[in-house]
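Protein chains in written order, with our numbering: chain Y, 3 to 237; chain Z, 3 to 237.
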């Protein structure tokens with residue numbers, strides 16, 4: 003507890019738990035709903051709530067994940083932390099001891115077709131399995147050329163030519179994955195996506211294969227910033 | 003100026019302009035980049051900046067747009083304001099005199115194909131033409147069933163069966179439009195999209211036709227909350 007980033011800034015996130023954690027949300031991020039709709043008009047159901055799909059990733063000196071490898075694959079680096087903390091929702095301020103903080107939201111699928119979605123959902127595992135003591139956090143940004151493409155063009159590169167989903171499918175359920183989108187948050191984030199993976203020690207080689215397979219695709223030619231952070235946690 | 007919501011809360015957004023407006027951003031929304039990356043690691047280019055695609059819509063008693071019609075089309079209502087203010091970026095607090103505040107970001111296209119995008123870009127006008135004294139702000143939310151669809155399914159409904167882009171194209175360049183996405187912001191917003199339109203008085207009937215044409219589509223069966231706000235501003 004004493005080493006937790008949150009406790010260092012006095013907000014006792016760990017101690018107060020999820021409910022209170024949410025009450026510490028930044029005032030400015032919540033007034034639109036809280037004051038505008040919640041308080042004035044009594045729409046309690048929509049007031050005071052963070053996006054339930056928001057996650058905050060803190061690189062610093064506390065958190066359950068210990069960084070074991072840290073590599074700037076392409077583009078500008080970020081500082082290498084010793085620990086990574088992953089917090090549902092937001093944080094009320096920049097935590098003492100943190101080197102950086104990245105945010106993203108999970109969202110609706112953007113590229114998979116129905117058949118692929120059905121197969122993914124049938125095969126994929128959730129993060130947090132007890133044996134999944136190995137993890138990776140891979141923030142990436144795609145360039146302006148990618149974002150100027152139309153949906154069909156992006157899909158063609160993503161799947162028909164780069165086989166992103168098909169490649170990932172080969173590693174299910176061993177490698178669990180959660181994708182977070184950063185591009186449409188209120189603050190200009192340094193990355194477009196944060197992908198979090200976890201897997202058992204026995205699957206570490208498979209994970210290397212997966213990452214290597216994706217990096218040689220046509221899709222990856224549009225990635226202009228990528229950091230590869232590997233980490234472990236106690237079993 | 004004196005009637006502006008912003009000036010009432012003392013931040014003088016109108017007077018200080020875009021640069022200072024950005025410096026008033028909520029602390030909590032900026033610390034991740036400002037303190038984490040900007041200050042500690044000197045990535046000045048990415049520090050302290052709001053998403054440049056963010057816009058805030060304030061319903062209250064000030065702003066350039068005067069509300070002329072206000073209708074809850076489906077779902078829960080919101081309060082009817084007398085004025086609408088539209089601010090690039092965020093605001094530092096809930097403005098005095100405001101009844102609600104809604105935020106959204108413009109983003110990459112999600113459904114149009116290349117040929118459609120080329121045609122749209124060739125034909126569409128930007129908001130703010132001097133003659134465009136009539137406006138509409140239409141916040142909508144789509145239901146969970148929509149968001150559980152895959153991209154190809156949503157595209158099929160949106161365009162192949164509802165002809166959303168094709169219908170809109172018929173009204174170009176008369177009716178200018180800017181779409182803002184709210185679903186993947188940090189705070190749980192009450193709507194998924196905010197669409198802002200402006201047009202000349204002579205095109206008011208055409209706008210009614212456009213809105214009516216979209217509301218009878220298959221796509222609109224997924225809209226479970228919609229507010230239709232019409233407004234005018236001095237020419």
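We put the CB at the ideal spot given by N, CA and C, even for glycine.
- Runs of the alpha helix (DSSP H) lying entirely within the region 165 to 191 of chain Y, each at least 4 residues long, are 166 to 171 in chain order.
- Of the other Cβ atoms in all chains shown, fewer than 16 fall within 10 Å of the Cβ of residue 168 of chain Z; this residue is therefore exposed.
- The continuous beta strand (DSSP E) containing residue 232 of chain Y extends over residues 225 to 234.
- Sequence-distant Cβ neighbours of residue 216 of chain Y in its own chain, meaning closer than 7 Å and more than five residues away, are 166, 169 and 222.
- A straight-line Cα-Cα distance of about 10 Å links residue 66 of chain Y and residue 135 of chain Y.
- Residue-level contact by beta carbon holds for residue 56 of chain Y and chain Z, with a gap shorter than 7 Å.
- The alpha-carbon of residue 82 of chain Z is positioned some 14 Å away from that of residue 138 of chain Z.
- For residue 90 of chain Y, the closest C-alpha among the options Y:106, Y:84 and Y:98 is that of Y:106.
- Distance between residue 179 of chain Z and residue 71 of chain Y, taken at the CA atoms: about 47 Å.
- Chain Y places no beta carbon closer than 7 Å to that of residue 223 of chain Z, leaving this residue out of the contacts.
- The CB of residue 53 of chain Z comes closer than 7 Å to the CB of 187, 188, 189 and 190 in chain Y, given here in chain order.
- Put simply, the CB of residue 164 of chain Z is far from chain Y, with every gap to its CB atoms at 7 Å or more.
- Annotated as distal: residue 192 of chain Z and residue 125 of chain Z, with beta-carbon spacing of 7 Å or more.
- By the C-beta density criterion, residue 97 of chain Y is buried, having at least 16 other C-beta atoms within 10 angstroms.
- In the DSSP assignment, residue 205 of chain Y falls outside any alpha helix (DSSP H), carrying neither H nor E.
- Leaving aside the five residues that flank residue 103 of chain Y on each side, the residues in its chain whose CB is nearer than 8 Å to its CB run, in chain order, 58, 59, 60, 61, 93, 96 and 97.
- Taking 7 Å as the cut-off, the beta carbon of residue 177 of chain Y is found no closer than this to the beta carbon of residue 195 of chain Y.
- By the neighbour-count definition (other C-beta atoms within 10 Å, threshold 16), residue 73 of chain Y is an exposed residue.
- No Cβ of chain Z is located within less than 7 Å of the beta carbon of residue 87 of chain Y.
- Taking CB atoms only, residue 76 of chain Y has no neighbour in chain Z less than 7 Å away.
- Note on geometry: alpha-carbon atoms of residue 159 of chain Y and residue 188 of chain Z lie some 29 Å from one another.
- Residue 218 of chain Y sits exposed, since fewer than 16 C-beta atoms from the chains shown fall within 10 Å of its C-beta.
- Residues of chain Z with a Cβ closer than 8 Å to the Cβ of residue 200 of chain Y do not exist, since the nearest Cβ in that chain sits about 23 Å away.
- For residue 152 of chain Y, the closest Cβ of chain Z is nearer than 7 Å.
- The straight-line gap separating the alpha-carbon atoms of residue 207 of chain Z and residue 129 of chain Y is approximately 53 Å.
- Residue 154 of chain Z places its beta carbon 7 Å or farther from that of residue 183 of chain Y.
- For residue 173 of chain Z, none of the residues of chain Y pass the 9 Å Cβ criterion, the least Cβ distance being about 21 Å.
- Check the Cα spacing between residue 173 of chain Z and each of Z:142, Z:211, Z:163 and Z:151: the tightest is with Z:211.
- According to the DSSP secondary-structure assignment, residue 104 of chain Y is paired through a beta bridge with Y:59.
- Close partners of residue 112 of chain Y in chain Z (Cβ separation under 7 Å): 153.
- Chain Y has a Cβ within less than 7 Å of the Cβ of residue 149 of chain Z.
- For residue 55 of chain Z, same chain residues with a beta-carbon under 7 Å away, outside a window of 5 residues either side, are 107, 108 and 109 in chain order.
- Shown here for residue 119 of chain Y: same chain residues with a beta carbon closer than 8 Å to its own, the five before and five after excluded, namely 111 in chain order.
- Contact residues of the region 61 to 72 of chain Z toward chain Y are absent (C-beta to C-beta distance below 7 Å).
- Taking 7 Å as the cut-off, the Cβ atoms of residue 143 of chain Y and residue 226 of chain Y count as close.
- Annotation for residue 139 of chain Z: the continuous beta strand (DSSP E) segment containing it runs 136 to 144.
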